[in-house]
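The opening position of the sequence shown corresponds to residue 670 in our numbering, with each subsequent residue numbered one higher.
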Amino acid sequence: CALPCRGPFFTREEKDFAAVWVALWAGLCAASTLMTLTTFLIDSQRFKYPERPIVYLSACYFMVALGYLARLAVGHEEVACDGPLLKTTTSGPTACTLVFILVYFFGMASSIWWVVLSFAWFLAAGLKWGNEAIAGHAQYYHLAAWLVPAAKTVAVLLAGAVDGDPVAGICYVGNSSPENLKKFVLAPLIVYFALG
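Written out as C-alpha cells, the structure reads:
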C-alpha cells in the first residue's frame, strides 16, 4: 500500500516539466541570493539594522535553493526513494536527511528572519529607534532565528516525519501526512505570518 517513488498521478512529460521548473527557479534563487550575499561581503558596513536581516534572509534562501539543487546533483531516486517506493521516513545521514535540513531548517529560519525584519522596521519607523539601538538586540534576533528552526528540525527528525516528494524529488515533512504538514509546516508559518 505504499506509494511508488515516481508518483502514478502524473505523466512522464509532467514530471520532466516539474523537474526543469524546480531546477530553473532554484538556480535563479541561488544566483540572486548569491549576488546579495556577495554585495554584503564586499561592503558589510552598508547593511546596518534595520536592513541587516535581508542578508540573513538571502543566506537562508540560498541554502534552500542548494537543497533543491542537491536533489538535481544526487538524483530523484537517491533522495526521495527507498528502492521502488517513496520514502516515508528517514534515519541517519542520508541524502534525504541533508536535503530535508537544507530546505526545512533554512526555510523556517527565513520566515523568522522575515519577522525580525518586520520588527526592526517597526522599531525604526514606528518607534523611531536608531540603528545602534536595534543592533543592540542582534543576539536575540539570532537566537530566535536559528534556535527555533533547529528545535523544530530536531523534532521532525525525532518524530520520523520526513518523507519523500514524488514530484519535486526532495524530502520534506508532510508529503504523505496531512497531520505532520499542519503541525510542522502550516501552524508555524501561520504564526510567523501573523507576527510579521
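Beta carbons: idealized from backbone N, C-alpha and C, even for Gly.
{"Asked": "The stretch 762 to 774 contacting the stretch 700 to 708, beta-carbon criterion three pairs below 8 Å", "Found": "no"}
{"Asked": "Bridge-paired residues (DSSP) for residue 841", "Found": "832"}
{"Asked": "Given residue 813 as reference, the closest of 804, 785, 712 once Cα atoms are compared", "Found": "785"}
{"Asked": "Same chain only: Cβ atoms within 7 Å of residue 822, ignoring 5 sequence neighbours per side", "Found": "770, 773, 774"}
{"Asked": "Cβ-Cβ separation, residue 724 to residue 716 (assumed contact under 8 Å), whole Å", "Found": "5 Å"}
{"Asked": "Continuous alpha helix (DSSP H) stretch holding residue 770: start and end", "Found": "Taken as a continuous stretch (DSSP letters only), residue 770 belongs to no alpha helix (DSSP H), as it is neither H nor E."}
{"Asked": "Nearest-angstrom Cα separation, counted from residue 757 out to residue 846", "Found": "9 Å"}
{"Asked": "Local conformation of residue 751 per DSSP, three classes", "Found": "strand"}
{"Asked": "Cβ distance (whole Å) where residue 865 is taken to contact residue 815 below 8 Å", "Found": "Not really, about 17 Å apart at Cβ, beyond 8 Å."}
{"Asked": "Span of the alpha helix (DSSP H) around residue 702", "Found": "681 to 711"}
{"Asked": "Minimum C-alpha distance to residue 736 - residue among 743, 768, 698", "Found": "768"}
{"Asked": "DSSP-derived helix/strand/coil call for residue 719", "Found": "coil"}
{"Asked": "Euclidean distance between Cα positions of residue 843 and residue 697", "Found": "26 Å"}
{"Asked": "In DSSP terms, what residue 673 is bridged to", "Found": "754"}
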